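Residue numbers (this note's numbering): 120 to 207.
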């Protein structure tokens, strides 16, 4: 069973800041460069694996609101999110 949660980010600066926010909240996470941007892989503990997508989604929402960033988090899979600029 896959337990990690992936978060796609378009810019390194934002990916780095979100990575710090996630780790400050006790989540183990790594940053990697991928085609078209950056990806954060969050590795929840076995006990948190089932609720991890909801927890990560809530943390993304709070992080965006705190910073007033004009991005929209979108679910792109069962355990994957993409943070993108809003569509015109």
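We put the CB at the ideal spot given by N, CA and C, even for glycine. These figures come from a predicted structure and were not determined experimentally.
Nearest to residue 172 by alpha-carbon distance, out of 140, 152, 188 and 195, is 195. If you draw a 10 Å sphere on the C-beta of residue 161, you find 16 or more other C-beta atoms in it, and that means buried. Taking the C-beta atoms as reference points, residue 127 is found nearer than 7 angstroms to residue 158. Annotation: the continuous alpha helix (DSSP H) that includes residue 184 extends over 171 to 186. When DSSP reads this structure, residue 167 sits in no beta bridge, so it has no partner.
Taking a 10 Å sphere around the C-beta of residue 191, we find fewer than 16 other C-beta atoms and assign the residue as exposed.
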